Every structure is written in C-alpha cells, then in structure tokens.
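Novice: Counting the sequence shown from 1 gives a position; this note's numbering is that position plus 996. Quick one: structure below, then a few questions.
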Amino acid sequence: MMIPYGRQSISEADIAEVSNSLRSNWLTTGPLVNRFEEEFAKRVGAKHAVAVCNATAALHLAMMVANIGPGDRVVTSPNTFLASANCAAMVGAIPDFADIDPVSYNLCPESLRGNWQADTKAVIAVHYAGQTADMPAIAAVARERGAIVIEDACHGVGGSFEHEGKNWKIGGHPWADMSTFSFHPVKTMTTGEGGMLVTDNDDYATKARMLRTHGMVRQPDEFVGIGDDHFEEKGPWYYEMQELGYNFRITDFQCALGLSQLKRLDTFLQRRREMVSRYNEAFKETEYLQTPKLRNPNDRDLTSWHLYTVLIDFAAIGCTRTEFIKRLVEKGVGSQVLYIPVHLQPWYQRQYGYAISKCPIAEDYYARTLSLPLYPEMTDQDCEQVIAGIRDILSSVAKTKEKNE
Ligand SMILES: *Cc1c(COP(=O)(O)O)cnc(C)c1O
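Now the structure itself:
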C-alpha cells in the first residue's frame, strides 16, 4: 500500500455526527452552521467566524468586505496555493508578490517593504506548512502604509506563535484584520469542502454573512445599510438585496463533520508534531537534505504542522526530482511538490507580465522542495518506511556519483 503525502482522518464519531445531522430538519443554513462558527471562533480566539463553502470563497469575501477592487494592488507570497493570489484578481485588483525569507519560506517583511507600491491596499500573509509568517513585522509594514492585513491560515489551523514572551493564536492575534481557513481533505481538519473567515471586526463579519448569500438581508438585525424600520411594515416575507453577492454557503452536514473534527484537532496537532520531530531527528545530519527550520525556535510546540517539507539538492546528487519521486513511489512512498511560485503560472505571466527572477528565493525553493507524507493516521512504522526510503535513495545516488567521479 502506498503512503500518500496527506490524508484525512474520519472516525466513527465523525460519521455518527454527520448521520445525525442528515436525520434532522436542516440540510443547510441551519443550527449546525451557527454552532460550528461559534465553536471555531472560540477555538481560534476570534470574535466572529463566518463558515463558507471553501477557503477560496473566504479569501474572495475578505477582498469584498475590505472594498478591494480595480485600481488596488494586493501583495502575497509566491510560495502558496493559487487561491491566495487569485482572490485579488477575482475582485479586479492586481495580485502581486514579494519574495519569501530563506528560513521560514514565508512572505519576507523586508521584501514587502522594499517592493512597496503606492496602490497596495492589502497584504495576504500565508503560513506555509503551518509555520507562521512574521505577522507583527508584516503588519507594521502594511499598516504604516495604510494597507490591511489578511492571514491565509489554510495551513495553520489550531496553531499559535510566540511574540515578545506571549503566545498568540493564529486567527486570534492583533496583527491580522481577517484570517481564512480551509477544510479541504488534505488540510489538518476537514468538512469535505469548506472554509472559514474569522475577524474581530463587526462590519466585516456582517458584510461577509450578507455576501455569502447573494447580498440578501432578511432581518433588521442583519441590516448594514440605511434605517431598518421599513422591514416590519413590508411583512414577514420581505427581503432586500443590498449588494451583489454569491452563494458561498456551507451545508449543515458539513458543519456536523467540522464540529466533530474540531474536537479532535488537538489530537491531530499532537500527532503531527510527534511525526515532525521523528523526521527531524532522523534526517538531522543527512547530506544533500535540509529539514524545515523554524524562524522562532520557541514555536516548536505551538506550530500546527500541515506539511513536512524537505529541501533536496537534486542538482548536486545528479538525480532529477522526477526520478527521485519515481524511486520513492517504488518504495511505497508518496510525495508532493509545493509550491510552483504563483507568479510563474502562465496566466500570471500573460496577464501581469511577471517573469522568472521576480522572486528568486521562492524560485530556488521550488527547485529543491519535496513534501513527505504527514497525516495523523500515519503509524510510526509508516514514518520509518518514509525515512528508510529517502535514506536508501540518497545513499544509492551518492554511490553512483562517487563511481562516476
Ligand atoms: C488549500 C488552500 C487554499 C484554498 O482552500 P480551498 O478550501 O480548497 O478553497 C488557499 N490557500 C492555501 C494556502 C491553501 O493551502
């Protein structure tokens, strides 16, 4: 059996909760959506949580509620999934990129400052692999220049970080105006498809709820525009469309799964941390392979590890990454390459004229990166199989190399 690079964990309790919700009166927009939002907000330390159909929708809503649009620029990390940048294009703004730092592989505050342009209205920091971007430094650069800060926390659910002697939760610290989370099956907790937008800002939350469902307002207390007295005069059926919105809703049975997974989140994080330590220890002094480094060593037990990514010097070992991945597959080990720098995608090159060497550190990172299997149901034995597989390949290519030299 092949060990995949990531996989969901679904328990009998998860299945029971979903079954129960299917037997209830509500399939969508019912009480479980509200409960999931409340429990999630509590867990990440935010005032509001708005559940949506996926994190791409959450990012899109973040752009909309902050009034980002044509004429605005949004800067994010190139070392991320497409959605972190696409959301800016979806509202007619220009997605742009600053380079990553060579330790955490996250958006670099100095590069952000150095490449700042006057039309930049938002910065989207991404917590690659679960390690947090330097939020206080990023927020300082952005806010001094009048831009808002969004954290794309799709990799970091349940994680926290240390800053000046205090621990801060991802989604619950003062250096982001909004945070987004994904519940896709490869992420750390899942609802099948699903996402969450969290914020402490009352206006953002109200507007996000409205735009999640066609910009419709039904009850006076949801109303964000003009006076609301006329609602009761009109009658109980009455609703108004105040903005052009979308259908970004999530179902109750997905939220049933989300609530059940949320209860298991700490166990997931614990198991992922154990496995990361095991990998780190095993690969500590491995030639041609570099284990993940922490920007802040105090974050070791706070990080919500989504990926375990190593850097391999494929050029030096004389083995292409494609060949390396093939040999891993022969040993029953899956792997993944995350990420192709977003600015190098054909659409981005065509649309915005971005080209190679715009973000050299991210491009170099892409040339060497390989994500190894990491998920809570991996056994210690699975982990050893991955470690042995990597060691085997590295020592056999090293031998071939010696022979040829
Ligand atoms: C998965 C992911 C997304 C998109 O999440 P969906 O729920 O699939 O829309 C966005 N950003 C990052 C960093 C991701 O990993």
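Ideal Cβ positions, reconstructed from N, Cα and C, are used throughout, including at glycine. Fair warning: this is a prediction, and the values are worked out from it, not measured in the lab.
Would the beta-carbon of T1072 be found less than 7 Å away from any heavy atom of ligand 1?
Specialist: Checking the Cβ of T1072 against ligand 1 gives no.
Novice: Report the start-end ranges of each beta strand (DSSP E) in the segment 1281–1329 that is 3 residues or longer and not cut off at the edges.
Specialist: List check, beta strand (DSSP E) in window: 1304–1308.
Novice: Tell me the rounded alpha-carbon separation between T1318 and G1026.
Specialist: Going by the C-alpha atoms only, they are around 47 Å apart.
Novice: Alpha carbon to alpha carbon, what distance is there between Y1335 and R1139?
Specialist: So the two alpha carbons sit approximately 28 Å from each other.
Novice: Following the continuous beta strand (DSSP E) through D1092, name the residue where it begins and the one where it ends.
Specialist: Segment 1090–1093, the beta strand (DSSP E) holding D1092.
Novice: Within the present structure, is the beta-carbon of V1122 separated from the nearest heavy atom of ligand 1 by less than 7 Å?
Specialist: Under cutoff, so the answer is yes.
Novice: Mind checking which residues open and close the alpha helix (DSSP H) that includes T1455?
Specialist: Residue 1455 is absent from the structure shown; the chain starts at 997 and stops at 1401.
Novice: To test your reading of the DSSP string, which unbroken alpha helix (DSSP H) runs of 4 or more residues are found completely within the segment 1131–1165?
Specialist: Runs of the alpha helix (DSSP H) inside the segment 1131–1165: 1131–1140.
Novice: Mind checking whether A1172 and V1213 have CB atoms under 8 Å apart?
Specialist: Contact flag unset, no.
Novice: Using only the heavy atoms of ligand 1, determine whether one of them is closer than 7 Å to the beta carbon of H1339.
Specialist: No; taking the cut-off as 7 Å, the Cβ of H1339 has no heavy atom of ligand 1 nearer than that.
Novice: Going by DSSP in three states, T1052 sits in which element: helix, strand or coil?
Specialist: It is helical.
Novice: Candidates H1151, T1052, D1095, A1384: which alpha carbon is nearest R1274's?
Specialist: Ranking H1151, T1052, D1095, A1384 by Cα distance to R1274 puts A1384 first.
Novice: DSSP three-state label for M1086, please.
Specialist: Of the three classes helix, strand and coil, the one that applies to M1086 here is helix, per DSSP.
Novice: Considering only DSSP beta bridges, list what V1119 is partnered with.
Specialist: DSSP output for V1119 lists V1071, V1145 as bridge partner(s).
Novice: Give me the residue from V1099, T1184, C1251, S1073 with the minimum Cα distance to S1015.
Specialist: Measuring from the Cα of S1015, the nearest candidate turns out to be C1251.
Novice: With DSSP collapsed to three states, give me the class of L1390.
Specialist: Helix, per DSSP.
Novice: Let me know if V1325 comes out buried or exposed under the rule of 16 or more other beta-carbons within 10 Å of its beta-carbon.
Specialist: So V1325 ends up on the exposed side.
Novice: From the DSSP output, which residues share a beta bridge with S1007?
Specialist: Paired residues: none, contrary to the question.
Novice: Using 8 Å as the cut-off, can you tell me whether the segment 1019–1033 makes contact with the segment 1116–1135, which would need three or more C-beta pairs spanning the two stretches below that distance?
Specialist: Taking 8 Å as the limit for Cβ pairs, the verdict is that the segment 1116–1135 does not touch the segment 1019–1033.
Novice: Please go through the same chain and pick out, in chain order, the residues whose beta-carbon is closer than 6 Å to the beta-carbon of A1045, but skip the five residues on each side of it.
Specialist: These residues qualify, in order along the chain: E1033, F1036, A1037, M1192, V1194.
Novice: Smallest Cα separation from P1406: which of P1105, A1114, R1141?
Specialist: Lying before the first or after the last residue shown, residue 1406 is absent from the chain, which here runs from 997 to 1401.
Novice: Are the segment 1293–1307 and the segment 1045–1061 touching, with three or more C-beta to C-beta distances below 8 Å?
Specialist: Cβ pair count under 8 Å is below three, so no.
Novice: Whole-angstrom Cβ separation of L1307 and R1364, contact assumed at under 8 Å?
Specialist: So it is a contact: roughly 4 Å between Cβ atoms.
Novice: By DSSP, does F1409 sit in helix, in strand, or in coil?
Specialist: Because the chain is modelled from 997 through 1401, residue 1409 falls outside the range shown and cannot be assessed.
Novice: Have a look at N1243 and Y1235 and give me their C-alpha separation to the nearest angstrom.
Specialist: Distance between the alpha carbons of N1243 and Y1235: 16 Å.
Novice: Closest to T1176 by C-alpha separation, out of A1047, F1264, R1245, L1285, would be which residue?
Specialist: Ranking the options by Cα distance to T1176, first place goes to A1047.
Novice: Among residues of its own chain, excluding the 5 on either side of L1108, which ones have a beta-carbon nearer than 6 Å to its beta-carbon?
Specialist: Same-chain partners within the cutoff: A1094, V1137.
Novice: Do F1264 and L1018 count as a contact pair if the criterion is CB distance below 8 Å?
Specialist: In this structure, F1264 does not lie closer than 8 Å to L1018 by Cβ.
Novice: Could you pull the DSSP bridge partners for V1046 from this structure?
Specialist: L1193, per the DSSP bridge assignment.
Novice: For ligand 1, any of its heavy atoms closer than 7 Å to the Cβ of A1051?
Specialist: Yes - ligand 1 has a heavy atom lying nearer than 7 Å to the Cβ of A1051.
Novice: For the pair the segment 1279–1292 and the segment 1252–1261, tell me if three or more CB-CB distances fall below 8 Å.
Specialist: No, they do not touch.
Novice: Give the single residue among P1000, I999, Y1001, S1005 whose Cα lies nearest to the Cα of P1372.
Specialist: The residue with the shortest Cα to Cα distance from P1372 is S1005.
Novice: On the DSSP letters alone, give me the boundaries of the beta strand (DSSP E) that S1331 sits inside.
Specialist: Segment: none, S1331 is in no beta strand (DSSP E) and carries neither H nor E.
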